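S.K.: Mind the numbering: the sequence shown is residues 1 to 165 in UniProt numbering, read in order. Glycine is no exception: its CB is placed at the ideal position from the N, C-alpha and C atoms. Computed from a predicted model, the values in this text were never measured in an experiment. Sending over a structure as structure tokens; questions will come in a sec.
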Amino acid sequence: MSTATDYAVESSEFTASYKPSDITGNYKGTMVVICIDPRVNSFVNSVLPYTVVARNAGGLSKSAVRDIVVSQEIGVRDVAVIHHTDCGMTHFSSESLRQKIKQDNPDDSVVAKLVDEMDFDHIEDLEVSVKSDVKYLKEHALVKKETKITGWIYDIKTGKITRVD
Ligand SMILES: [Zn+2]
């Protein structure tokens, strides 16, 4: 059994030199939807310090709609969907995840029912997935028509980001 991380201890060095973020003059109403993978943390922290960031497994639009709708109320009018190379969501399917979770919870009908109802949204092809997610947001009734939606792929190995839509 693992023990919980003591974040108070882990952050003591951080808090010693901490200065609150001042977004005055830097906030441009931009938002990115990007994966939860910790390998993209340095990109998010270095390149996007004044950007609203919505993170979910894969950086998928469908899971970020609620965040986008809320963010529009603080002026977001530019949303970038960013998927990344070697994403975990390209390595397994919804069905393989369901089977794994059921195997980890044998004879648990509640777990089996919940995972059967959950769509994990496997990514087959990064570029196709990004373009599909951009289209999804452009057509979504709750995303303002004036919001600029773009699609990008972030390369984990090089740190380069390429626009694909
Ligand atoms: Zn990922």
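1) Considering only their Cβ atoms, is the gap separating I82 from G59 smaller than 8 Å?
2) Can you tell which of K138, I23, T158 and T150 has the C-alpha that lies nearest to the C-alpha of E127?
3) Quick one: Cα of S42 to Cα of K113, how far?
4) Is any heavy atom in ligand 1 found nearer than 7 Å to the beta carbon of H122?
5) Mapping DSSP to helix, strand and coil, what is N56?
6) With a threshold of 16 other CB atoms inside 10 Å of the CB of D86, please say whether the residue is buried or exposed.
M.R.: Walking through what the data contain:
1) Here residue 59 refers to the residue found at position 59 when the sequence shown is read from its first residue. Here residue 82 refers to the residue found at position 82 when the sequence shown is read from its first residue. Contact flag set, yes.
2) Working through the sequence shown from its first residue, we reach residue 127 at position 127. Closest option to E127, Cα to Cα, is T150.
3) Residue 42 sits at position 42 when you count from the first residue of the sequence shown. Residue 113 sits at position 113 when you count from the first residue of the sequence shown. Approximately 37 Å between the Cα atoms of the pair.
4) Looking up residue 122 in the sequence shown gives position 122. No; taking the cut-off as 7 Å, the Cβ of H122 has no heavy atom of ligand 1 nearer than that.
5) Residue 56 sits at position 56 when you count from the first residue of the sequence shown. Residue state, collapsed to three classes: strand.
6) For the purposes of this step, residue 86 is identified with residue 86 of the sequence shown, where counting begins at 1. The residue is exposed, with fewer than 16 neighbouring Cβ atoms inside 10 Å.
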